[in-house]
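Asks:
2 protein chains.
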Amino acid sequence: MPELRRDPIIGRWVIISKERGKRPSDFIIEEERTKGGFCPLCPGNENTTPPEVLAYGRPVFAPNTPGWTLRVVPNKFPALVIEGDLDKRGEGIYDKMNGIGAHEVIIETPNHNETISDMPREQLIQIFRAYRDRILDLKKDSRFKYIIIFKNFGRAAGASLEHSHSQLIALPIVPHRIEEEIKGCLRYFDYKDRCVFCDIIRQERSQNIRIVAENREFVAVCPFAPRSPFEIWIMPKRHQSSYTDMDEDQLLGLTNLFSEVMRRLNKALPRVPYNYMLHSAPLRNGSLEHYHWHIEIMPKLTMVAGFEWGTGFYINPTPPEEAARFLREIDIRKEFKKT
Amino acid sequence: MPELRRDPIIGRWVIISKERGKRPSDFIIEEERTKGGFCPLCPGNENTTPPEVLAYGRPVFAPNTPGWTLRVVPNKFPALVIEGDLDKRGEGIYDKMNGIGAHEVIIETPNHNETISDMPREQLIQIFRAYRDRILDLKKDSRFKYIIIFKNFGRAAGASLEHSHSQLIALPIVPHRIEEEIKGCLRYFDYKDRCVFCDIIRQERSQNIRIVAENREFVAVCPFAPRSPFEIWIMPKRHQSSYTDMDEDQLLGLTNLFSEVMRRLNKALPRVPYNYMLHSAPLRNGSLEHYHWHIEIMPKLTMVAGFEWGTGFYINPTPPEEAARFLREIDIRKEFKKT
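If you read the protein sequences in the order shown, they are chains A and B.
Each residue of the first sequence is one higher than the last, beginning at 1 in my numbering.
Each residue of the second sequence is one higher than the last, beginning at 1 in my numbering.
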């Protein structure tokens with residue numbers, strides 16, 4: 001069973017996978033992986049993944065067979081396991097608990113070579129629907145306090161499989177990074193009685209120098225203090241603390257804006273590796289006046305090195321105003337016609 | 001002039017290098033760098049770096065000429081600049097200031113191919129001396145509140161030059177990551193009236209399952225909740241909040257233990273890329289009962305991907321107990337005889 005351990009100083013949690021128990025030589029092998037023609041996420045290979053927990057586009061009576069347009073399966077090598085109790089305990093001054101959680105893979109398309117930036121919007125909307133459906137289902141399990149959904153695209157951004165997919169991890173604790181974000185929002189709210197994200201959206205729309213794209217429901221900006229060049233945040237214009245609060249209009253609006261943003265990014269930096277993360281309120285907090293869900297897109301263009309590790313500072317060689325202007329001015333009309 | 005910008009939510013600072021102003025195409029070129037035979041850090045090429053601020057092993061009347069055994073120079077492409085005022089100001093709800101600071105390169109050896117793990121201890125002690133000398137000198141500048149010293153070894157860990165070097169950045173603010181650490185230490189101290197690092201050292205020495213090496217003055221452990229496989233912390237056994245509090249005995253003790261640890265690491269994972277960071281108390285805080293300086297060594301074996309970015313959690317496939325045992329049991333006697 002994996003173990004969750006808490007750093008006694010900062011309070012940061014790590015997941016220790018005892019099972020994998022990697023020795024030095026194992027790391028050398030890892031770098032050689034990812035070659036070869038077989039893809040466990042492609043249609044026809046459904047039996048090589050754990051049984052699916054969700055599938056769209058195919059009759060329900062034929063699970064784990066081809067014909068699906070999107071499929072969600074448990075991760076074959078999960079960071080956390082679903083069965084068991086947390087069993088919180090100490091080891092002297094240290095704190096730990098069992099690595100209980102869910103780790104799922106959202107297989108975003110049956111087409112091995114299709115990427116987010118060239119996906120038709122009918123396909124993309126299914127991804128956002130799947131995120132919602134999985135969160136709503138996993139939320140029923142009272143052991144889970146937080147669900148993070150993220151995507152690693154490209155080897156340099158941590159993807160070990162080429163086939164377009166994102167991941168979901170349900171956690172028994174609210175992660176440090178989220179708590180920090182919520183505390184910051186609360187501090188702002190205490191002082192101003194306004195949501196900081198709503199204020200960011202207001203200021204960005206009025207300054208209009210860091211906006212990448214917007215539509216009726218959503219806005220995409222290069223944030224004022226971005227960690228990486230071409231970092232982009234997508235935020236609902238309406239105040240909303242949880243992803244699952246979205247209605248159908250918003251889901252469509254998100255799909256349209258996300259599609260546009262990813263096309264712009266891919267045109268500016270062809271096949272750039274990236275990560276995106278969905279930040280939504282913790283599962284047990286209800287609706288929050290001070291928190292605002294959003295998606296953070298981080299292209300992988302710079303290194304996290306000693307300075308960043310040591311200080312939490314980031315050095316960014318591209319001002320967000322220039323990144324936003326560049327992305328905004330790119331001509332993506334041709335790409336749109338293709339779909 | 002670079003700009004320091006503060007994230008309005010978390011309070012994280014980033015350095016925006018307007019001068020570099022990288023456009024998308026610049027990132028593609030960057031990946032091609034680092035080839036070619038010319039090394040600006042090698043003896044004979046002193047005129048290709050900014051004038052040195054410190055040199056050992058050579059008469060002072062011949063600055064910027066060969067003959068040195070260690071040399072410190074300002075970074076030619078600094079993240080922060082030394083001239084100017086902070087000029088703290090707002091931009092609507094956002095906060096920023098000028099990117100004032102010092103950014104120096106510690107050229108650790110005149111020998112291009114020598115690395116920390118095969119360096120004689122007479123060379124290594126000079127590095128730790130240089131760190132101390134530079135901190136003491138820069139501390140006189142009242143604009144600086146914190147100095148971080150770090151090393152990036154290997155391309156994958158962010159090193160852009162092969163020649164063995166570390167870096168120093170003096171900052172006009174105490175970084176978020178350090179504040180977080182100090183707050184955690186203070187929380188522990190408030191509750192227990194003891195330094196958390198002193199307690200960690202006490203528990204590690206009594207459990208004796210995560211210790212990599214120790215001598216009279218220092219101890220090296222794989223921390224209980226490590227972010228990366230084979231992460232190692234080196235801590236002075238004596239309570240001390242600042243690196244510059246070290247006496248000569250300790251300096252020797254640190255050199256010996258550091259040398260042993262790096263040889264063990266390099267034997268376990270030959271030429272593994274790594275970062276190390278020196279964490280010491282902020283410059284203006286005086287001596288702190290609750291904080292304890294230390295060095296964090298992070299081998300680069302796993303990826304920072306969407307999950308880590310999104311949550312601040314880390315997934316570590318190697319339990320620190322196994323990493324420590326592996327490092328402890330490695331036979332490095334042969335390597336020691338060579339020096």
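Just so you know, even glycine gets a beta-carbon here, dropped at the ideal spot from N, CA and C.
Quick caveat, the model's predicted, so the values are computed rather than measured.
I'd like to know if A:Gln203 contacts chain B, where contact means its C-beta is closer than 7 Å to some C-beta of that chain.
Replies: The beta carbon of A:Gln203 sits closer than 7 Å to some beta carbon of chain B.
Asks: Mind checking which residues open and close the beta strand (DSSP E) that includes A:His103?
Replies: 102-107
Asks: How many angstroms separate the CA atom of A:Trp68 from the CA atom of A:Ala55?
Replies: C-alpha separation (whole angstroms): 6 Å.
Asks: By the 8 Å beta-carbon criterion, what residues does the stretch 218-249 of chain A contribute toward chain B?
Replies: Pro223, Phe224, Ala225, Pro226, Arg227, Pro229, Phe230
Asks: Give the residues from the stretch 141-162 of chain B that approach chain A closer than 7 Å (Cβ to any Cβ), ordered along the chain.
Replies: Ile148, Phe150, Lys151, Asn152, Ala157, Gly158
Asks: So, is B:Pro282 buried or exposed, given that buried needs 16 or more other C-beta atoms within 10 angstroms?
Replies: Around the beta-carbon of B:Pro282, 16 or more other beta-carbon atoms lie within 10 Å, marking it buried.
Asks: To the nearest angstrom, how far is it from the Cα of A:Arg134 to the Cα of A:Leu41?
Replies: The straight-line gap from Cα to Cα measures roughly 18 Å.
Asks: According to DSSP, what are the bridge partners of A:Glu91?
Replies: A:Tyr94
Asks: Going by other Cβ atoms of all chains shown within 10 Å of its Cβ, with 16 needed for buried, is B:Met340 buried or exposed?
Replies: Because chain B is modelled from 1 through 339, residue 340 of chain B falls outside the range shown and cannot be assessed.
Asks: Given that A:Phe314 touches chain B, what residues does it touch there, using C-beta distances under 9 Å?
Replies: For the record, residue 314 of chain A in the displayed sequence is Tyr; it is not Phe. Those within 9 Å of A:Tyr314 in chain B are Arg12, Trp13, Val14, Ile15.
Asks: Can you name, in chain order, every residue of its own chain whose Cβ lies under 6 Å from the Cβ of A:Leu288, other than the five neighbours on each side?
Replies: Ser241, Ala281
Asks: Under a three-way DSSP split, which group does B:Ser166 fall into?
Replies: strand
Asks: Report the residues of the stretch 167-191 of chain A with a CB closer than 8 Å to any CB of chain B, ordered along the chain.
Replies: Gln167, Ile169, Leu171, Pro175, His176, Arg177, Ile178, Glu180, Glu181, Gly184, Cys185, Tyr188
Asks: Starting from B:His279, follow its DSSP beta bridges and name the residues at the other end.
Replies: B:His294
Asks: Within the chosen definition, does the stretch 289-298 of chain A reach the stretch 256-276 of chain A through at least 3 CB pairs nearer than 8 Å?
Replies: yes
Asks: Who are the near neighbours of A:Val261 in its chain, counting only those whose CB is closer than 8 Å to its CB and skipping five residues on each side?
Replies: Counting only Cβ-Cβ distances below 8 Å, and skipping sequence neighbours, we find Val212, Ala213, Ala220, Ile232, Ile234, Ile297, Leu327.
Asks: How would you call B:His112, buried or exposed, if buried means at least 16 neighbouring beta carbons within 10 angstroms?
Replies: exposed
Asks: Would A:Ala130 and A:Leu168 be called neighbours here (beta carbons separated by less than 7 Å)?
Replies: no
Asks: With DSSP collapsed to three states, give me the class of A:Ala323.
Replies: helix
Asks: Which word fits B:Thr318, buried or exposed, when buried means at least 16 other C-beta atoms lie within 10 angstroms of its C-beta?
Replies: buried
Asks: For A:Leu54, which of helix, strand or coil comes out of DSSP?
Replies: It is a strand residue.
Asks: For B:Glu32, decide whether its Cβ has a neighbour in chain A, counting only Cβ atoms nearer than 7 Å.
Replies: For B:Glu32, the predicted model reports a pLDDT of 39, less than 50, meaning its position is unreliable and no value from the coordinates is stated.
Asks: Where A:His176 and B:Arg333 are concerned, what is the direct C-alpha to C-alpha distance, given to the nearest angstrom?
Replies: Rounded to whole angstroms, the gap between the alpha carbons of A:His176 and B:Arg333 is 42 Å.
Asks: Is the stretch 303-314 of chain B close to the stretch 146-153 of chain A, with three or more CB pairs under 8 Å?
Replies: yes
Asks: DSSP beta-bridge partners for A:Leu70?
Replies: A:Tyr56
Asks: For A:Pro299, name the three-state secondary structure that DSSP assigns.
Replies: Reduced to three states, the DSSP call for A:Pro299 is strand.
Asks: Which two residues bound the contiguous alpha helix (DSSP H) that contains A:Glu181?
Replies: Per DSSP, A:Glu181 belongs to the alpha helix (DSSP H) from 176-192.
Asks: Just confirm the distance between the C-beta atoms of B:Val53 and B:Val72, as a whole number of angstroms; I'd bet it's less than 8 Å.
Replies: 5 Å
Asks: The beta strand (DSSP E) spanning B:Glu214 covers which residue range?
Replies: 211-214
Asks: Have a look at A:Gln207 and A:Glu321 and give me their C-alpha separation to the nearest angstrom.
Replies: 11 Å
Asks: Can you pull the chain A residues whose beta carbon is under 8 Å from the beta carbon of B:Lys18, in chain order?
Replies: Pro319
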